[in-house]
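Scroll down for the structure; my scribbles are underneath it.
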Amino acid sequence: MAAGAAMSNRGDKQDDSAQAAQPAQPAQSDMATQLQELENLKQQGIITQEDFDAKKKQILGV
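Per numbering that gives the first Met the number 0, the sequence shown runs over residues 0 to 61.
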């Protein structure tokens with residue numbers, strides 16, 4: 000019985016790690032969207048190149 004509980008716990012841990020790995024993909028998509036919107040603002044003259052560079056570094060975590 001204890002072995003079954005241990006196996007069950009391992010299964011739960013695997014499920015958690017699989018769920019934690021999934022948000023990475025939407026985050027990259029979100030980053031690309033943010034960068035595209037930022038580029039649009041720069042092209043429209045709403046923000047400066049300096050503003051663009053600073054925000055880009057922030058988005059990319061550099």
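Just so you know, even glycine gets a beta-carbon here, dropped at the ideal spot from N, CA and C.
All figures in this text were calculated on a predicted structure; none of them were measured in a lab.
L37 has its alpha-carbon roughly 15 Å from the corresponding atom of Q27.
In the DSSP assignment, Q43 falls outside any alpha helix (DSSP H) and carries neither an H nor an E.
Taking C-beta atoms under 8 Å as the contact rule, L34 and K55 qualify, at a distance of about 6 Å.
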